[in-house]
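**Q** Residue numbers (the numbering used here), protein chains in the order written: chain A, 108 to 423; chain B, 8 to 271; chain C, 8 to 271; chain D, 139 to 396; chain E, 139 to 396.
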Amino acid sequence: HADTPVKFTLDWVFQGPTSPFLVALEKGYYKDEGLDVTMDPGQGSAGAVQRVASGAYDIGFADVNSLIEYNAKNPGKEILCVFMAYDFPPFGVYALKTSGIKTPADLAGKKLGAPVFDASFRLFPAFAKKVGIDPKSVESVNLTPQLREQSLVQGTVDFISGHYFSSVLDLEARGVKLDDLVVFTYSDAGMDVYGNGIIVSPQMAEKPEVVKGFLRATIKAWKEVAANPEIGVAAAKNRDPLIDEALELRRLNMSLQMNVLTPYVKENGMGDVDPERFARSIKDVADAFGLPDAPAPEKVFTDYYLPPKADRMVAP
Amino acid sequence: MPSPPLVELKNVSLAYGEGSERMLALGDATMSIDDGEFVAVVGPSGCGKSTLMKLVTGLLPPTGGEVSVRGQPVTGPIKGVGMAFQNATLMPWRTTRDNIMLPLEVVEPHKRRLRANRAEYIARAEALLASVGLGGFGDKFPWQLSGGMQQRSNVCRALIHEPQILMLDEPFGALDAFTREELWGIMQALWLERRFTAVLVTHDLREAVYLADTVYVMSRRPGRIVKVRTVDLPRPRTLETTFEPAFVDIVHELRERIQQEHAE
Amino acid sequence: MPSPPLVELKNVSLAYGEGSERMLALGDATMSIDDGEFVAVVGPSGCGKSTLMKLVTGLLPPTGGEVSVRGQPVTGPIKGVGMAFQNATLMPWRTTRDNIMLPLEVVEPHKRRLRANRAEYIARAEALLASVGLGGFGDKFPWQLSGGMQQRSNVCRALIHEPQILMLDEPFGALDAFTREELWGIMQALWLERRFTAVLVTHDLREAVYLADTVYVMSRRPGRIVKVRTVDLPRPRTLETTFEPAFVDIVHELRERIQQEHAE
Amino acid sequence: MSALQRRAIRLAMPWLTLLALLVLWEVACIVFHIPEIVAPRPTRVFEVVIQRWDLLLRFCLETLWTTLIGFFLAIGFGLLLGLAIGASPFIYSGLYPLLIAFNAIPKVAIVPILMIWVGIGALPAIITAFVISFFPIVVNVATGLATIEPEMRDLMRSLGASNREILVKVGIPRAMPYLFASLKVAATLAFVGSVLSETVGGNRGIGFLMLSASARNDSATTFAGLFAIAVMGVGVYAACALIERRMTRWAFRGELVR
Amino acid sequence: MSALQRRAIRLAMPWLTLLALLVLWEVACIVFHIPEIVAPRPTRVFEVVIQRWDLLLRFCLETLWTTLIGFFLAIGFGLLLGLAIGASPFIYSGLYPLLIAFNAIPKVAIVPILMIWVGIGALPAIITAFVISFFPIVVNVATGLATIEPEMRDLMRSLGASNREILVKVGIPRAMPYLFASLKVAATLAFVGSVLSETVGGNRGIGFLMLSASARNDSATTFAGLFAIAVMGVGVYAACALIERRMTRWAFRGELVR
Ligand SMILES: Nc1ncnc2c1ncn2[C@@H]1O[C@H](COP(=O)(O)OP(=O)(O)OP(=O)(O)O)[C@@H](O)[C@H]1O
Ligand SMILES: Nc1ncnc2c1ncn2[C@@H]1O[C@H](COP(=O)(O)OP(=O)(O)OP(=O)(O)O)[C@@H](O)[C@H]1O
Ligand SMILES: [Mg+2]
Ligand SMILES: [Mg+2]
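1) What does A/SER268 pair with, by DSSP beta-bridge criteria?
2) Identify each residue in the stretch 269–282 of chain D for which the Cβ-Cβ distance to at least one residue of chain E is less than 7 Å, and report them in chain order.
3) What's the gap between the Cα of B/PRO51 and the Cα of B/MET225?
4) In chain C, what lies closer than 7 Å to D/GLU303 by C-beta?
5) For a cutoff of 7 Å on Cβ pairs, would you count C/ASP183 as touching chain B?
6) Any idea what DSSP makes of D/VAL395, helix, strand or coil?
7) Got a sec: which bits of the stretch 70–92 of chain C sit with their beta carbon under 9 Å from any beta carbon on chain D, in order along the chain?
8) Can we say the stretch 87–95 of chain B touches the stretch 300–311 of chain E, given the rule of at least three CB pairs closer than 8 Å?
9) Would you list, in chain order, the members of the stretch 344–374 of chain E that have their beta-carbon closer than 8 Å to a beta-carbon of chain A?
10) Using a C-beta cutoff of 7 Å, does D/MET290 count as contacting chain C?
11) Who's in the neighbourhood of ligand 4, going by beta-carbon under 6 Å from any heavy atom, listed in chain order?
12) I think B/GLY83 touches B/GLY65, with their Cβ atoms under 8 Å apart; what is that distance to the nearest whole Å?
13) Could you round the C-beta distance between C/GLN171 and C/GLY87 to whole angstroms and report it? I think they count as a contact, below 8 Å.
14) Using DSSP with H/G/I as helix, E/B as strand and the rest coil, what is C/GLY72?
15) Look at the alpha carbon of D/ALA242 and the alpha carbon of E/GLU164, and state the distance between them as a whole number of angstroms.
16) Is A/GLU176 close to chain D, meaning its C-beta is less than 7 Å from at least one C-beta of that chain?
17) Strictly under 7 Å for the Cβ-Cβ distance: is C/LEU66 near chain D by that measure?
18) Going by beta carbon distance, what residues of the same chain come within less than 7 Å of D/TYR316, once the five residues before and after it are set aside?
19) Determine, using beta carbons only, whether A/GLY207 and A/SER244 come nearer to each other than 7 Å.
20) Apart from the five residues on each side of it in sequence, which residues of its chain come closer than 6 Å, Cβ to Cβ, to D/VAL187?
21) Could you have a look at D/MET370 and say whether DSSP puts it in helix, strand or coil?
22) How long is the line joining the alpha carbons of B/GLU169 and B/HIS210, rounded to whole angstroms?
23) What are the partner residues of B/VAL206, as DSSP defines its beta bridges?
24) Of all the alpha helix (DSSP H) runs that stay within the bounds of the stretch 250–324 of chain E, which reach a length of 4 or more residues?
25) Give a yes or no on whether 7 Å exceeds the smallest Cβ distance from B/PRO229 to chain C.
26) Please confirm if B/VAL204 has its CB atom under 7 Å from at least one CB of chain E.
27) Straight-line CA distance for A/ALA233 to A/SER258?
28) Is the number of C-beta pairs between the stretch 26–38 of chain B and the stretch 216–235 of chain B that are closer than 8 Å three or more?
29) Take C/MET8 and list the residues in its own chain whose beta-carbon comes closer than 6 Å to its own, dropping the five residues that flank it on each side.
30) For A/ILE166, name the three-state secondary structure that DSSP assigns.
31) Going by the beta-carbon positions, is the gap between A/ILE326 and A/ARG419 smaller than 7 Å?
32) For B/ARG262, which residues in the same chain have their Cβ closer than 7 Å to its Cβ, ignoring the five residues on either side in sequence?
33) Relative to ligand 1, is the shortest distance from any of its heavy atoms to the C-beta of C/ARG228 smaller than 6 Å?
34) Does the Cβ of B/ALA205 have 16 or more other Cβ atoms within 10 Å, making it buried, or fewer, making it exposed?
35) Just to check, is the beta-carbon of C/ALA32 closer than 6 Å to a non-hydrogen atom of ligand 1?
36) Take the Cβ of A/GLY376 as the centre, count every other Cβ of all protein chains shown within 10 Å, and call the residue buried at 16 or more, exposed below.
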């Protein structure tokens with residue numbers, strides 16, 4: 108019989124951190140599960156959520172905080188996250204050492220530049236509260252991703268927000284060493300929100316076999332990539348022949364270390380959430396986004412589709 | 008019993024523009040044209056002759072009075088007309104041949120027959136062009152023709168579909184005397200053969216008398232019909248006819264009436 | 008010693024188009040026009056009269072032979088010309104008055120003086136319009152004028168800047184006999200007063216003889232000058248002159264020469 | 139049908155079609171259960187418009203004036219360059235291909251670079267509006283000039299007019315109908331340009347408002363922004379059409395559209 | 139200057155200006171120490187073009203055919219709608235404002251919604267190219283029709299021609315110079331549209347290539363993509379210009395540009 112077609116959207120272009128999906132596709136793991144997966148790059152997490160919500164895509168890879176916001180605003184039409192990929196978020200803000208910013212408190216009254224749909228930017232108010240500054244004292248400017256790092260270098264803005272593995276590497280490409288940077292990651296500030304996860308459309312949620320198969324195949328690939336990141340980069344290279352392998356390898360390693368293979372994951376396996384922490388993070392997010400009421404955790408995440416813990420131990 | 012007139016104008020007036028721009032071009036025209044009659048209209052420049060032509064063919068609705076064709080009041084452009092406008096208005100994107108073949112593409116029954124009988128129609132167009140001295144110019148574009156040549160093409164275009172009513176607005180004004188007189192002959196021959204109804208606007212009184220059964224003289228603007236002169240010279244008329252006293256008399260009579268108009 | 012000719016054409020020929028499209032419009036024209044001379048050119052339709060006008064004024068470069076003005080070979084449009092083209096080419100975005108005032112905006116010294124003396128120039132334009140019977144039509148747009156009225160405006164535009172060389176290409180073709188004869192008188196009076204050089208293309212031999220000092224007769228296309236006839240009738244000529252035997256003789260002589268051309 | 143009735147219908151038509159469209163949209167949303175995030179129902183959008191009236195207006199005005207400045211610059215320079223291209227074969231052959239090349243490039247790719255050069259704010263929005271709306275004007279003016287009847291040119295040349303005079307007295311009036319046709323396109327493109335620039339960077343204008351609304355999954359506000367842009371576009375168009383009727387009446391004297 | 143020399147200069151001009159521009163750019167990059175990430179030197183871009191020749195070509199072809207399909211659809215429907223608008227005052231007043239409104243809306247805001255409806259791939263690119271290049275054609279064709287000389291219309295009416303016949307025999311040929319003017323604009327916009335759609339979603343075409351290159355900070359490749367689009371734009375323009383010369387020779391008979 109024919110394979111079940113599945114349309115899958117990423118949150119961004121094909122890069123090292125998302126290469127496990129490509130590995131699974133390339134090595135036929137999805138096919139082995141009876142799935143015919145097509146994979147497209149995306150335009151940010153909000154877009155990925157919209158694509159899945161509208162039914163244009165069955166499964167997506169998106170920032171769970173975006174999902175929380177969507178679900179809060181669309182009660183009764185919730186989209187579920189079925190797999191948490193980034194146990195720790197890659198969120199952070201970055202400034203040049205030369206700007207004189209030393210501690211998070213110095214950010215007050217400064218100018219922040221970031222794309223408005225950037226998750227770090229959206230969560231900045233929560234971060235600001237955590238570090239004890241008034242988010243309103245910070246002037247923010249919308250900058251398309253191509254502009255963000257360049258604007259920091261040129262001094263158009265005082266600091267920027269973004270994914271760690273994007274901004275640090277982009278700044279490096281513009282001649283700014285990690286040593287010249289002041290980095291405040293949100294997790295360092297005690298903001299333990301979650302990062303990206305796999306989300307499924309309501310229609311897809313009704314086909315547990317498909318979702319479960321998709322997760323099994325993905326985890327298998329993730330395990331291989333964690334053990335051997337080069338195969339991830341190779342898969343990305345196959346898909347987009349122009350990428351710089353060395354750079355993507357670094358990006359992938361960064362994301363593996365910081366976001367994926369956290370102590371919690373090493374202990375409990377990849378994909379699940381700590382219920383208590385998750386509930387707390389939903390509150391934080393609802394606060395930062397100014398949502399009237401936070402959705403219940405079970406309206407955002409479910410472990411229903413997850414394979415047994417033993418199968419989810421991805422750390423090498 | 009005489010047949011009812013083909014075209015009838017009753018106290019027709021026409022004003023261009025509206026409000027303060029309003030200007031009476033045609034004052035009060037009453038005329039009736041019989042089927043198969045050849046009518047000429049003469050009058051000073053700007054008196055409303057071209058306007059009259061447009062009224063007769065239904066291109067313009069009168070502001071006063073009534074125009075009727077075959078007893079029916081005219082509400083839109085009437086059928087079976089071939090009109091040579093005062094300005095040639097040839098289409099610059101068509102060759103001369105294609106320009107004069109335009110009516111064949113629009114007017115029934117030619118429209119229907121054109122595709123199948125293309126060669127025959129092209130031959131007809133070429134013959135017509137040759138008869139007015141434009142043989143070999145079919146492939147030229149109108150803007151490659153001289154003024155007089157454009158005017159002759161314009162006449163060809165009005166003739167090619169053998170209309171029942173032929174309207175000619177100063178058709179030979181840009182031609183030399185000999186070409187012009189030759190075309191009179193051709194026009195008369197055509198008329199004698201087909202007996203269409205024709206209205207000719209001209210400033211050449213000899214032309215009017217040579218070709219027409221009836222000559223209408225119009226007053227200065229706003230135009231009225233001030234004289235109707237029947238020309239009962241026998242047909243076919245020839246260039247010799249134009250030197251006969253009867254002919255010359257009519258020309259003089261008309262000339263005097265216009266002069267009177269002009270002197271006012 | 009007679010003054011050297013103002014305009015001189017030596018074996019001038021002109022062909023339009025290139026390659027297989029090439030067509031000789033003007034065969035071999037040789038003529039010389041004196042300063043202050045009134046010249047008329049007659050000939051069959053399509054023989055190259057309008058082409059000749061464009062050659063004389065330098066609008067077209069000849070393909071053969073040489074055109075010189077005041078002894079200088081012509082390389083581009085010459086100065087001090089007023090030209091009434093065969094088609095009126097009035098600008099549809101200007102009122103009639105603004106149309107005939109166009110040369111004042113372009114030609115020195117009027118251009119320089121126009122802004123300061125606007126009222127005076129407008130009066131001049133109005134007077135000119137009135138003299139051709141278009142008084143009160145200055146505010147109309149050209150497309151609101153009849154054919155003959157457009158033609159008269161066209162002549163006004165050629166006159167208003169008092170050019171030294173006046174080129175008239177069938178200027179009165181669309182006018183009735185009386186208006187036309189009136190304009191002959193006006194034209195002659197102007198000429199007598201200002202003694203400009205004029206070239207008139209016409210199909211009306213009486214017009215040619217009435218106005219011109221010299222009449223050139225052209226052959227069929229490709230045009231050549233086949234006859235040059237000096238008209239030595241005394242000035243000012245009047246309408247009575249046109250009935251005098253001397254006048255009629257010249258007209259007949261020209262007529263015969265053209266007929267011969269036509270018969271070929 | 140009397141002339142008056144015709145006129146009334148003509149005036150009512152745009153509103154009727156608009157209404158029909160909105161009703162259709164509303165019904166489609168309800169019947170097909172279209173999620174609000176994909177396309178909010180018009181009534182929802184109007185709700186937002188009424189609620190956030192002041193906010194929308196403020197952002198709109200920011201966009202409007204940058205757009206208008208860019209648009210006017212485009213008219214000025216477009217006319218000049220169009221005349222130059224129409225008048226000189228060398229400028230034509232030297233510049234036209236480059237202009238085409240530049241215009242085929244999506245401005246999205248250029249605007250970030252522009253912002254690196256000139257910074258963020260109103261200036262890049264003005265420049266983008268200018269750059270994007272400039273080209274249709276050039277093309278149409280140049281075509282208007284190139285299609286001048288040779289008879290008109292001969293007339294001017296016979297008067298000894300210089301090329302510049304021919305351009306001014308014949309070229310420009312003759313190119314007017316072409317110019318106004320292009321202005322309709324240019325006006326809409328100018329809005330596209332300034333809004334584009336606002337979404338790429340900065341924190342002003344309706345583009346920024348729409349982008350941040352869409353980042354918040356607030357699609358009703360995004361659509362309210364779209365509506366606002368559309369309304370402004372129609373406003374500028376109406377102004378152009380009005381001037382067109384006054385300035386090129388001669389060209390429309392025989393309008394099929396009466 | 140002989141006619142031959144003139145012609146040679148005319149042919150060389152675009153290349154000369156292009157060369158001048160590139161040299162200027164190169165020099166500016168070196169003199170002002172512009173980092174490659176902001177604007178790579180042209181020589182760098184050409185290096186990339188030569189290195190990645192096959193890849194660029196593949197992506198270009200994908201873009202080219204989607205663009206062309208969209209462009210041809212735009213010509214077809216644009217002509218039809220332009221004729222309808224030019225021919226009927228009711229369609230004119232009913233549709234024109236809506237068209238303007240729609241066109242003032244930045245397509246960036248529409249394309250994601252479009253993709254939700256029709257999915258990702260060539261189809262949204264074709265539709266975007268179509269939608270964006272459609273409007274200039276409509277406007278220009280409608281203007282061409284509206285400025286028909288009344289004399290021509292009278293001539294047709296005197297022959298008893300129907301409105302449709304007037305449209306076909308006079309309207310369409312008369313609107314051709316306007317149509318071709320708009321095609322130059324529409325062709326460039328079609329590229330903007332398809333590339334835009336490719337950057338919004340999908341993994342095909344030069345737009346995707348540029349997006350992923352810019353996400354990698356590989357600005358030389360991004361610019362190589364821009365160059366490629368520009369070249370394709372000029373190619374399509376040249377084709378249009380060629381057909382224009384054949385089909386509207388009558389309108390250009392007195393060209394200022396000789
Ligand atoms: N622009 C042009 N291109 C090609 N051929 C032309 C052009 N203008 C005129 N001709 C040709 O040149 C010849 C002479 O034309 P011209 O206009 O000089 O005649 P004309 O003597 O003024 O005739 P008419 O009395 O009919 O005005 C004609 O055969 C015409 O076809
Ligand atoms: N479209 C128009 N708009 C306004 N007025 C017009 C229009 N057409 C003609 N007129 C006016 O109507 C009057 C009569 O014009 P018409 O063209 O009928 O004259 P005509 O007798 O044909 O003159 P001619 O012998 O000069 O051709 C003129 O005074 C003219 O100004
Ligand atoms: Mg008339
Ligand atoms: Mg002539």
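Where a beta carbon is used, it is the ideal one built from N, C-alpha and C, also for glycine.
**A** Result, derived from the coordinates:
1) Counting from 1 along the first sequence, the entry for residue 268 of chain A is found at position 161. DSSP, once it has assigned bridges, lists A/VAL200 as partnering A/SER268.
2) PHE273, PRO274, VAL277, ASN278, THR281
3) Counted from its first residue, the second sequence places residue 51 of chain B at position 44. Counted from its first residue, the second sequence places residue 225 of chain B at position 218. Cα-Cα distance, rounded: 7 Å.
4) Here residue 303 of chain D refers to the residue found at position 165 of the fourth sequence. Here the neighbours are VAL113.
5) In the third sequence, counting from the first residue as 1, residue 183 of chain C sits at position 176. Closer than 7 Å: yes.
6) Here residue 395 of chain D refers to the residue found at position 257 when the fourth sequence is read from its first residue. Residue placement at D/VAL395 is flagged as unreliable, the pLDDT there being 34, under the threshold of 50; a coordinate-derived value is accordingly withheld.
7) GLY83, PRO84, ILE85, LYS86, GLY87, VAL88, GLY89, MET90, PHE92
8) no
9) PHE346, LEU347, LEU349, SER350, ALA351, SER352, ALA353, ARG354, ASN355, ASP356, THR359
10) To locate residue 290 of chain D, count along the fourth sequence from 1; it is residue 152. Yes, its Cβ sits closer than 7 Å to a Cβ of chain C.
11) B/SER153, B/GLY154, C/LYS56, C/SER57, C/GLN93, C/ASP176
12) In the second sequence, counting from the first residue as 1, residue 83 of chain B sits at position 76. In the second sequence, counting from the first residue as 1, residue 65 of chain B sits at position 58. The Cβ separation is near 5 Å, so the contact holds.
13) For the purposes of this step, residue 171 of chain C is identified with residue 164 of the third sequence, where counting begins at 1. For the purposes of this step, residue 87 of chain C is identified with residue 80 of the third sequence, where counting begins at 1. With 8 Å as the limit, C/GLN171 and C/GLY87 qualify as a contact, their Cβ atoms being about 4 Å apart.
14) For the purposes of this step, residue 72 of chain C is identified with residue 65 of the third sequence, where counting begins at 1. Three-state DSSP puts C/GLY72 in a strand.
15) Against the fourth sequence, residue 242 of chain D aligns to sequence position 104. Against the fifth sequence, residue 164 of chain E aligns to sequence position 26. Distance between the alpha carbons of D/ALA242 and E/GLU164: 22 Å.
16) In the first sequence, counting from the first residue as 1, residue 176 of chain A sits at position 69. Yes, because at least one Cβ of chain D sits closer than 7 Å to the Cβ of A/GLU176.
17) Here residue 66 of chain C refers to the residue found at position 59 when the third sequence is read from its first residue. C/LEU66 counts as touching chain D.
18) Residue 316 of chain D sits at position 178 when you count from the first residue of the fourth sequence. Excluding residues within five positions, the ones whose Cβ falls inside 7 Å are ASN278, VAL279, THR281, GLY282.
19) Counting from 1 along the first sequence, the entry for residue 207 of chain A is found at position 100. Counting from 1 along the first sequence, the entry for residue 244 of chain A is found at position 137. Not in contact: A/GLY207 and A/SER244 (Cβ atoms no closer than 7 Å).
20) As a working note, residue 187 of chain D is residue 49 in the fourth sequence. Once the five neighbours on either side are set aside, the close Cβ partners of D/VAL187 are ALA362.
21) Position 232 of the fourth sequence, counting from 1, holds the residue named residue 370 of chain D. Correct three-state label for D/MET370: helix.
22) The residue given as residue 169 of chain B occupies position 162 in the second sequence. The residue given as residue 210 of chain B occupies position 203 in the second sequence. About 25 Å.
23) Translated into the one-based positions of the second sequence, residue 206 of chain B becomes position 199. Partner(s): B/VAL46, B/MET174.
24) 260–284, 288–296, 301–304
25) By 1-based counting over the second sequence, the position of residue 229 of chain B is 222. No, B/PRO229 does not count as interfacial toward chain C.
26) For the purposes of this step, residue 204 of chain B is taken as residue 197 along the second sequence, with counting starting at 1. The sequence as given places Thr at residue 204 of chain B; Val does not occur at that position. It does not: the Cβ of B/THR204 has no partner Cβ on chain E nearer than 7 Å.
27) Residue numbering aside, residue 233 of chain A sits at position 126 when the first sequence is read from its first letter. Residue numbering aside, residue 258 of chain A sits at position 151 when the first sequence is read from its first letter. So the alpha carbons of these two residues sit roughly 24 Å apart.
28) yes
29) What you label residue 8 of chain C is simply residue 1 of the third sequence in a count that begins at 1. Note that C/MET8 has pLDDT 45, beneath the 50 cutoff, so the model's placement of it is unreliable and no number is given.
30) To locate residue 166 of chain A, count along the first sequence from 1; it is residue 59. Of the three classes helix, strand and coil, the one that applies to A/ILE166 here is strand, per DSSP.
31) Your numbering for residue 326 of chain A matches position 219 in the first sequence. Your numbering for residue 419 of chain A matches position 312 in the first sequence. Yes, the Cβ-Cβ distance between A/ILE326 and A/ARG419 is below 7 Å.
32) Sequence index remark: in the second sequence, residue 262 of chain B carries index 255 (1-based). LEU212, listed in sequence order.
33) Along the third sequence, read from residue 1 onward, the residue named residue 228 of chain C stands at position 221. Answer for C/ARG228: yes, Cβ within range of ligand 1.
34) On the second sequence, residue 205 of chain B is found 198 positions in, with the first residue counted as 1. With 16 or more other Cβ atoms within 10 Å, it is buried.
35) By 1-based counting over the third sequence, the position of residue 32 of chain C is 25. Yes, since a heavy atom of ligand 1 falls inside the 6 Å radius drawn around the Cβ of C/ALA32.
36) The sequence position of residue 376 of chain A within the first sequence is 269, counting from 1. Buried, by the Cβ-count rule.
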